[in-house]
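One structure is given below, encoded as structure tokens.
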Amino acid sequence: MRLTLLAAAISSTLLLTACNDAETQHPEGSGDMIATEAETSNPLFSQSPLQYQAPEFDKINTGLYEPAFEAGMTQHLQEIEAIAENPEPATFENTIAAMETSGELLNRTANVFFNLSGLISDDEYQRIEADISPKLSGHSDDILLNTRLFARVKAIYDNRDSLSAEEKRIAELTYTDFVRAGANLSAEQQARIREINTELTTLETEFSQNVMNSFKNDTILVEDKAELAGLSDDEIASLKAAAEGAGKTGYMITLVNTTRQPVLGSLENRALRQKIWEASAYRLQDANSPIVLKLVKLRAEKAALLGYPDWASYVIADQMAGDPSEVYGILDDLAPQAVAAAKKEAAEIQDMIKADGKDFTLEPWDWAYYSGKVKQARYAFDESEIKPYFEMNRVLNDGLFYAMNKLYGITVKPRTDLPVWNDDVMAWEVFNADGSSVGLFYLDPYARDGKRGGAWMSEYVGQSTLLGTKPVVYNALNIPKPAEGQPTLMTYDEVSTLFHEFGHGVHGLFSMVKYPSVAGTSTPRDFVEFPSQFHEDYSLDPDVLANYAKHYETGEPIPQDLLNKMLTANKFNSGFNTTEYLAAALLDMEWHSVPADAEITDVNAFEKEALAKHGIDYAPVPPRYKTDYFSHTFAGGYSAGYYAYLWTEVLAADSFAYLQTKGGITRENGDTYRNLILSVGNSKDLMEQYVELRGQKPTTDALLVRRGLKYK
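Position 409 of the sequence shown, counting from 1, maps to 426 under the working numbering, and the rest follow consecutively.
As structure tokens, then:
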């Protein structure tokens, strides 16, 4: 298999970019014994008998992973060695296609482990992850730095014009993977690349686990219920249940992995708001700041060895943007407009603080609470009014699945017979309009201990006609779980996130390509968020809204005036939302634009200087992620890539607005989008696919309207 495929299997936790010596992975004589014992009792050693190879979650435990990983790496290296040593001249079939079909056991084990380690992690998962990640990265380097294998890949690449269009693209991508891994470097340089990669993966894993542990450790315990004034009875009950679940007395507030915290929008107690915000903004400085400084320096050194001036240049060369100047161009173009809008909003908030009889100056922990008051005064809108109309099961079935039926003709059937990894997880089989089965879909909706923060999509089995596999994908959210017996009432942001993640879901489900390395969401990072952001706006389609936005008790549809107030009020914070995002994206870029010889000793000072450099150092609106818990860039697959959300939002807004002129949510539009964007994975040039859909390259006009920074 192409090595980026294995990296994709674990990228929700880390990038597969480090190494270890093969000799330390497989003690002499141990491989056969492990494999023989495991084949009879370990379900990871064979394809799952469940439909589409869905994992047997009821049979999986942490004791199964290490023997499966060890045997999987051994088997994979044997397969790769056979390809490299093939005496026949190199052909696409006997080299690249053979790589695509290799590593079955390793790929299956990695998919299960790294997905579940983000969903049900505990100390044992973390121990295994810390041990296996450097070994897996070493395994990657053992292949990508194999000189005999690279010679065969290069021979095919040099004669690629004789291949079919899809084979040519796979050959080009594979060759690029090898070169970007260091295949053209000297033996001495490759040795240093291996050392760097080992350190990088170890540090990324440590950073990730520190963030995960902070969800348990950096909690705020409130003893006096009166301090929670502003929260609903259900919300208070949920905080009490969280405390009891942790063996504590009182009310426990758990942080989410962003700087701002949802609870700040409701709490009346300013001192508690400040305490929560500071706990969020200043967490992990002692633990993760030293890791960041090491990561940045090592990444810059690796980029220099590979011929790039900095890590951002190295990363973006393989993306749609192509060069950091393109990224800085779009971020810096939008930043002044965003900050100006945020300052205008801040002025209204400061007026509201004064009207509330207070004389303090607006601080970050005041923004959400007083912007809510501005919305109430200016738009007569209160977020709590809207939640009874967004009950989760109705949003899911009468909203999301209804919209996907109108757009793509698909239907879903609950699969209560399939085992799941947590009792709250739901499973469905997805069917096309003609009754043919597309694949399996799981949803894990609630926050809980051991589950990482945020929302994401991944897959247990990827689609490939070469391998004969159909997709098995899941979405994970972190909606607060209500007290037992209470309905799950969602905010509109949570509704939008549900539609967003299912956009990733259909990107995986609708994949229809031959080679697994380019299937589904295996695209550049500054394209992969395009389908997800495109699907967000269907949550507001009038027909879709009318079908799901109904009161959970009475069934009455949401009043039009309340809906209008929500839509108008939601534009109020567009300056804040855009500024906090841009600040994080620019921070990510600046960290990865430093050269290898740069000496940085103070994370906070670097943050401050980086934000000031771009005119986005506006104190009431801090970055969405400050450095020490910026998992996207220091633990996940988005280093020098957080800009991708904005880059792809340009594509999403532009194409969505265009299809609205073609009738909006229709099967014709859905089938067109499915065929040109969702089904092709990375098997074709993606900008060419976009132009075929849209008729031209994208512009930012629709983005500015979407973000409320410009009106039609």
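Note that the Cβ used here is the ideal one computed from N, Cα and C, for glycine as well.
Quick one, are the C-beta atoms of residue i and residue j less than 7 Å apart?
{"i": "residue 136", "j": "residue 438", "result": "yes"}
{"i": "residue 626", "j": "residue 504", "result": "no"}
{"i": "residue 542", "j": "residue 601", "result": "no"}
{"i": "residue 405", "j": "residue 251", "result": "no"}
{"i": "residue 348", "j": "residue 599", "result": "yes"}
{"i": "residue 290", "j": "residue 382", "result": "yes"}
{"i": "residue 285", "j": "residue 246", "result": "yes"}
{"i": "residue 134", "j": "residue 142", "result": "yes"}
{"i": "residue 605", "j": "residue 662", "result": "no"}
{"i": "residue 597", "j": "residue 638", "result": "yes"}
{"i": "residue 736", "j": "residue 651", "result": "This structure cannot speak to residue 736, because the chain is shown only from 18 to 729."}
{"i": "residue 260", "j": "residue 267", "result": "yes"}
{"i": "residue 531", "j": "residue 483", "result": "yes"}
{"i": "residue 472", "j": "residue 514", "result": "yes"}
{"i": "residue 354", "j": "residue 726", "result": "yes"}
{"i": "residue 396", "j": "residue 586", "result": "yes"}
{"i": "residue 715", "j": "residue 676", "result": "no"}
{"i": "residue 724", "j": "residue 591", "result": "yes"}
{"i": "residue 4", "j": "residue 265", "result": "Nothing can be reported for residue 4: it is not among the residues displayed for the chain, which extend from 18 to 729."}
{"i": "residue 370", "j": "residue 387", "result": "yes"}
{"i": "residue 328", "j": "residue 317", "result": "yes"}
{"i": "residue 213", "j": "residue 319", "result": "yes"}
{"i": "residue 533", "j": "residue 479", "result": "yes"}
{"i": "residue 430", "j": "residue 446", "result": "yes"}
Using the DSSP secondary-structure output, state which residues sit across from residue i in a beta bridge.
{"i": "residue 476", "result": "490"}
{"i": "residue 716", "result": "For residue 716, which the question treats as bridged, DSSP gives no partner whatsoever."}
{"i": "residue 431", "result": "445"}
{"i": "residue 567", "result": "574"}
{"i": "residue 239", "result": "268"}
{"i": "residue 458", "result": "445 and 490"}
{"i": "residue 387", "result": "Note: residue 387 sits in no beta bridge, so no partner."}
{"i": "residue 481", "result": "486"}
{"i": "residue 246", "result": "248"}
{"i": "residue 463", "result": "496"}
{"i": "residue 408", "result": "506"}
If you draw a straight line from the alpha carbon of residue i to that of residue j, how long is it in whole angstroms?
{"i": "residue 678", "j": "residue 672", "result": "10 Å"}
{"i": "residue 691", "j": "residue 425", "result": "8 Å"}
{"i": "residue 182", "j": "residue 189", "result": "11 Å"}
{"i": "residue 338", "j": "residue 111", "result": "33 Å"}
{"i": "residue 720", "j": "residue 554", "result": "12 Å"}
{"i": "residue 702", "j": "residue 548", "result": "16 Å"}
{"i": "residue 108", "j": "residue 206", "result": "29 Å"}
{"i": "residue 87", "j": "residue 69", "result": "25 Å"}
{"i": "residue 730", "j": "residue 227", "result": "Any property of residue 730 remains undetermined from this structure, which presents the chain solely from 18 to 729."}
{"i": "residue 685", "j": "residue 516", "result": "20 Å"}
{"i": "residue 689", "j": "residue 683", "result": "10 Å"}
{"i": "residue 529", "j": "residue 698", "result": "8 Å"}
{"i": "residue 77", "j": "residue 132", "result": "13 Å"}
{"i": "residue 379", "j": "residue 364", "result": "9 Å"}
{"i": "residue 664", "j": "residue 713", "result": "16 Å"}
{"i": "residue 116", "j": "residue 168", "result": "14 Å"}
{"i": "residue 82", "j": "residue 563", "result": "47 Å"}
{"i": "residue 710", "j": "residue 187", "result": "23 Å"}
{"i": "residue 603", "j": "residue 648", "result": "15 Å"}
{"i": "residue 160", "j": "residue 97", "result": "7 Å"}
{"i": "residue 19", "j": "residue 390", "result": "Unreliable positioning characterises residue 19 in this predicted model, as indicated by a pLDDT of 38, which lies under 50. The coordinate reading is nonetheless provided below. Answer to the nearest angstrom: the Cα atoms are 53 Å apart."}
{"i": "residue 44", "j": "residue 128", "result": "Because the pLDDT of residue 44 is 28, which lies under 50, any placement of that residue in the model is unreliable, and the question is left without a value."}
{"i": "residue 157", "j": "residue 526", "result": "27 Å"}
{"i": "residue 589", "j": "residue 550", "result": "20 Å"}
Assuming the contact rule is C-beta atoms closer than 8 Å, residue i and residue j should be a hit. Round their C-beta distance to whole Å, please.
{"i": "residue 162", "j": "residue 199", "result": "6 Å"}
{"i": "residue 481", "j": "residue 536", "result": "6 Å"}
{"i": "residue 463", "j": "residue 434", "result": "The Cβ separation is near 22 Å, so there is no contact."}
{"i": "residue 125", "j": "residue 61", "result": "6 Å"}
{"i": "residue 301", "j": "residue 645", "result": "4 Å"}
{"i": "residue 456", "j": "residue 512", "result": "Contact flag wrong, Cβ pair sits at about 24 Å."}
{"i": "residue 130", "j": "residue 170", "result": "That pair is no contact at about 28 Å."}
{"i": "residue 420", "j": "residue 561", "result": "5 Å"}
{"i": "residue 100", "j": "residue 173", "result": "No, residue 100 and residue 173 are not in contact; Cβ-Cβ is about 12 Å, not under 8 Å."}
Tell me the start and end of each unbroken alpha helix (DSSP H) in the region 274-359 that is at least 4 residues and wholly inside, in chain order.
287-298, 302-322 and 328-333
Enumerated in chain order, which unbroken segments of the alpha helix (DSSP H) with a length of 4 residues or greater are wholly contained in the region 503-549?
509-526
Would you mind listing the alpha helix (DSSP H) stretches within the region 583-665 that are 4+ residues and don't spill past its ends, in chain order?
591-608, 620-630 and 648-651
May I have a chain-ordered list of the beta strand (DSSP E) segments no shorter than 3 residues that lie completely inside the region 177-220?
none
Considering only residues of the region 115-144, which uninterrupted alpha helix (DSSP H) runs meet the minimum length of 4 residues and lie entirely inside it, listed in chain order?
121-133
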